[in-house]
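Residue numbers (this note's numbering): -5 to 713.
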């Protein structure tokens, strides 16, 4: 009877032995074996490569004996039971019911989601839902045969119950051991099994050290409030603070929100209640509209720095409604700013900003090209009502601005052989109203007709070895008419000259300022692309004007009738090294701005860094040069150990601004991380602080994220 397939083990086969046996609703079983025998007393015995299937359960064993009088299966191991995709049971002997849902297994091991293994002397299966294990050792560390060394960590328990329906593990007499040394004991403990994504309970505690708050312990508790929302409360206690942190999340059919914050009673400000509240959300509305909001609030300017949160020195609370379609864009937004910087007064800053923008594109068939229309309304307000420069910083203390801008332009691109010609013709109108400003009165308005022609002549050369070289000279002649408006410069105080606005008719970041008169922008781009070697590109450009433009400060590179040279480039190697740079310099090679960024990734090493330099410029309140070097890197020491470091150095002050380092050990069953961060400051609000973090995560009680994790090798076994 070798290779015999016997179907309906609990139905057809038994019916042959018991013709009057009643029918059952239990799903039919399938048995496959090398040899199947039915004895005179109607016992069914299967031997050799036995496999039985019952619903989602699959059993493999050396032999199975079925007793029709008791309905019991006596199974000889080694036994492997696969119950669905996430539960695996290994045993040496077993007695199970005919539906494989109830019974006793000895020398059993339960493996959940290929992560967590529970080894026990005895295991009971009850109703196909509960699995009870006695004298159990639980771990997610790899255990090697004939190796006397204990796992890195394990949980010992008198009894463990696995509720397969609720996907929970219940421990009785639980003891956590590290390298077989008892660490702590709990009479009862409930943990989610690895297949459960979200469950109410205690999360992994965190040990925190802060030079201002002392050493403390944070114990997060997670509340599952439903399938689409949850709450996490984290009491944090140290020698210097008593804090309750919270985070609430909820997902909706068309959006999501998250609210997080903290309430603190600490020794830094003992008479004040301190805390913060951040909230954010996004919702997809009808007709393709998207609503987004972001709320940021703190009790005092120093709170975020004292507790090492976010690293922000200005808060911006925003609500925004947008819609983006192929030929249309709509945005309506409100922003409230709050400064945490020691030298800034919120009453003198444009704290409330409202902006509305509508853009539309048309493609007329008769005249060709593209027509672009844009309308914008903008307003910002300072809380102060002072209409003059009371503090002598060059800015009126209470200036409020309301601006309406309209732009219409027609663009058309034509090709003449290898020459590409793009023409632009348009008109702009601006109406600006000013209040609380004795210098500029009530505002101004005006028109700005504009036109431009851009010429490009791209050239490409290909070599036999696959290398391609590209060169494109560019020239743009443009004109913008009208007179500049006599209004305060509140929106275009910081101007950047780069590749992105080289061919713009106005390089001011906002429409409260526009470039006027004739201008010629010229330059070129060269690039080399080698699929098997290094690649590079370089852009060099300059702008010439009929007359100098007001409000272009020196560091913008655009002041005067002749702009600075813009030089930008990148260099990339197949070995993982990449360099990017940009600088502005004049005919005397005096540099106003420079920026270099680089990254190198090779084998186990990752290194990145940057250098930034900006010359002093009193027009933008920059009384001294800015020079800064940053570095970040990581190194894979071996399969399990990684190290990383960050560093930011102020070249002008001659000291570090921030520094940090960390080391982590990760394998299949544990992740341990140690980090230290130091923040330096020189203001009375943001004081220097040092924080030390230690995290320990036991793998196996969370969903497998699919992240590649190195597993320890058994290697040569100990004697």
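Quick reminder that beta carbons are idealized off the backbone N, C-alpha and C, glycines included.
So, with DSSP's three-state summary, where would you put residue i?
| i | result |
| --- | --- |
| residue 644 | strand |
| residue 445 | strand |
| residue 392 | coil |
| residue 91 | strand |
| residue 493 | helix |
| residue 137 | coil |
| residue 631 | coil |
| residue 451 | coil |
| residue 361 | coil |
| residue 235 | strand |
| residue 550 | helix |
| residue 427 | strand |
| residue 297 | helix |
| residue 27 | coil |
| residue 612 | helix |
| residue 219 | coil |
| residue 401 | strand |
| residue 282 | helix |
| residue 342 | helix |
| residue 43 | strand |
Going by beta-carbon coordinates alone, are residue i and residue j separated by less than 8 Å?
| i | j | result |
| --- | --- | --- |
| residue 628 | residue 607 | no |
| residue 226 | residue 246 | no |
| residue 259 | residue 374 | no |
| residue 134 | residue 109 | yes |
| residue 412 | residue 424 | no |
| residue 569 | residue 596 | yes |
| residue 427 | residue 396 | yes |
| residue 333 | residue 343 | yes |
| residue 391 | residue 383 | yes |
| residue 271 | residue 249 | no |
| residue 401 | residue 422 | yes |
| residue 158 | residue 284 | no |
| residue 572 | residue 566 | yes |
| residue 190 | residue 691 | no |
Rounded to whole angstroms, what's the CA-CA distance from residue i to residue j? Just pull it up for me.
| i | j | result |
| --- | --- | --- |
| residue 64 | residue 187 | 34 Å |
| residue 66 | residue 60 | 6 Å |
| residue 164 | residue 257 | 33 Å |
| residue 350 | residue 314 | 10 Å |
| residue 172 | residue 202 | 22 Å |
| residue 251 | residue 278 | 12 Å |
| residue 449 | residue 415 | 5 Å |
| residue 73 | residue 217 | 39 Å |
| residue 409 | residue 520 | 21 Å |
| residue 759 | residue 223 | Residue 759 cannot be examined here, being either before or after the span of the chain that is shown, -5 to 713. |
| residue -1 | residue 30 | Caution is warranted here: a pLDDT of 37 is assigned to residue -1, below 50, making its placement in the model unreliable, and no coordinate value can be reported. |
| residue 32 | residue 40 | 9 Å |
| residue 496 | residue 274 | 36 Å |
| residue 146 | residue 174 | 8 Å |
| residue 339 | residue 559 | 37 Å |
| residue 480 | residue 544 | 11 Å |
| residue 609 | residue 323 | 38 Å |
| residue 659 | residue 205 | 25 Å |
| residue 289 | residue 242 | 14 Å |
| residue 178 | residue 149 | 10 Å |
| residue 646 | residue 617 | 12 Å |
| residue 23 | residue 51 | 10 Å |
If residue i sits next to residue j, beta carbons under 8 Å apart, how far is it from one beta carbon to the other, in whole angstroms?
| i | j | result |
| --- | --- | --- |
| residue 102 | residue 132 | 13 Å between Cβ atoms; not a contact. |
| residue 714 | residue 362 | The chain is shown from -5 up to 713; residue 714 falls before or after that span and cannot be answered. |
| residue 586 | residue 548 | 6 Å |
| residue 331 | residue 307 | Not really, about 11 Å apart at Cβ, beyond 8 Å. |
| residue 563 | residue 593 | About 15 Å; that fails the 8 Å criterion. |
| residue 233 | residue 209 | 7 Å |
| residue 603 | residue 624 | 6 Å |
| residue 156 | residue 104 | 7 Å |
| residue 467 | residue 518 | 4 Å |
| residue 469 | residue 516 | 5 Å |
Quick check on residue i - is its C-beta less than 8 Å from some C-beta in chain B?
| i | result |
| --- | --- |
| residue 574 | Within the model displayed, chain B is absent; a lone protein chain is all it includes. |
If we count Cβ pairs, one from each stretch, closer than 8 Å, do we get three or more for the stretch 114 to 128 versus the stretch 81 to 97?
yes
Are there three or more Cβ pairs, one per stretch, closer than 8 Å when the stretch 472 to 481 is compared with the stretch 451 to 460?
no
Per the contact definition of three or more C-beta pairs closer than 8 Å, is the stretch 485 to 494 in contact with the stretch 428 to 438?
no
Should the stretch 654 to 671 be regarded as contacting the stretch 175 to 186, the criterion being three or more beta carbon pairs within less than 8 Å?
no
Do the stretch 504 to 518 and the stretch 375 to 386 meet, that is, are 3 or more Cβ pairs less than 8 Å apart?
no
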